[in-house]
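In the numbering used here, the protein residues as written are 1101 to 1340. Reading through the structure tokens given below for one structure.
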Ligand code: F6R
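Written out as structure tokens, the structure is:
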């Protein structure tokens, strides 16, 4: 794993955006894996600014998001589809039909898991996957204990994850209890991974990732076995 140390959230966001922009510009077509949450918001802002100022085009980019809440439709303000449209897709020239997010309101959620996994494979897999990390080491919604062999699947969200995400809802009770997520094996199939880590609350997670055991109780540790991972972490997360 290659660790890039940066000063703060702003610098992390700029570096991450530059990394992505270079791939988008170089590749004839690119399958880009995306994440939601607080961490990538600044990166998306930088991608939008660059698209407006420098004209970087996303017409040849296909996106696959990591996860979605079960029970929320795409027009629910708290769905990850809504977030992605607001934070990125509606501000760049990506073709909306080429943006893929698991459906949280599919009539058959088990079938949706199979369909999503198949969709990624049919497109030839993800070239670059952007990740954040939970304080408990989750990636996507793969909570501690998730098998490293897992494909896209349904999960019961850990209480700590629901509490961390409650800031987006009017109350904790409103936070869905289930989600659909790419599995660890799905993420590990990505050709390249870019993991962003910012803030003091992620310090222990970063330290575990760098120095702890590779263990299913700390899902992100699977990344230690991936041949091409870049971590961009800020001083607060590093502990400087
Ligand atoms: C989001 C996702 C999650 C987040 C993680 C960190 O699509 O898959 O794993 O990356 O929960 O969230 P933030 O960035 O809000 O700290």
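Even glycine gets a Cβ: it sits at the ideal position worked out from N, Cα and C.
- The ligand F6R never approaches residue 1330 closely enough for any of its heavy atoms to be under 6 Å from the residue's Cβ.
- For residue 1332, no alpha helix (DSSP H) segment is defined; the enclosing uninterrupted segment is the beta strand (DSSP E) at 1329–1334.
- In this structure residue 1104 touches residue 1331 by the C-beta definition: roughly 7 Å separates them, less than 8 Å.
- CA-to-CA, the gap between residue 1288 and residue 1133 works out to about 12 Å.
- When DSSP states are grouped into helix, strand and coil, residue 1133 belongs to the strand group.
- When the alpha-carbon of residue 1252 is set against those of 1168, 1314 and 1107, the nearest one is in 1168.
- The closest heavy atom of the ligand F6R lies less than 6 Å from the beta carbon of residue 1166.
- Contact check for residue 1117 and residue 1154: beta-carbon distance about 11 Å, past the 8 Å limit, so the pair fails to qualify.
- DSSP places residue 1220 in the uninterrupted alpha helix (DSSP H) bounded by 1209–1222.
- For residue 1266, the shortest C-beta to heavy atom distance toward the ligand F6R is 6 Å or greater.
- Contact between residue 1254 and residue 1295 is absent: CB atoms are separated by about 24 Å, not below the 8 Å threshold.
- At least one heavy atom of the ligand F6R sits closer than 6 Å to the Cβ of residue 1232.
- At a threshold of 6 Å, residue 1137 counts as near the ligand F6R, since its beta carbon sits closer than that to one of the ligand's heavy atoms.
- Take residue 1232, set aside five residues on each side of it, and the residues of its chain with a beta-carbon closer than 7 Å to its own are 1135, 1137, 1139, 1140 and 1296, in chain order.
- Here the distance from the Cβ of residue 1240 to the nearest heavy atom of the ligand F6R is below 6 Å.
- Here residue 1300 carries a helix assignment [DSSP, helix/strand/coil].
- Shown here, residue 1206 sits in coil according to DSSP, grouped into three states, outside any helix or strand.
- Closest in alpha carbon position to residue 1305, among 1337, 1194 and 1175, is 1337.
- Residue 1212 is classed as buried because its beta carbon has at least 16 other beta carbons within 10 Å across all chains shown.
- Residues of the same chain with a CB within less than 7 Å of the CB of residue 1302, apart from the 5 flanking positions on each side, are 1233, 1235 and 1337 in chain order.
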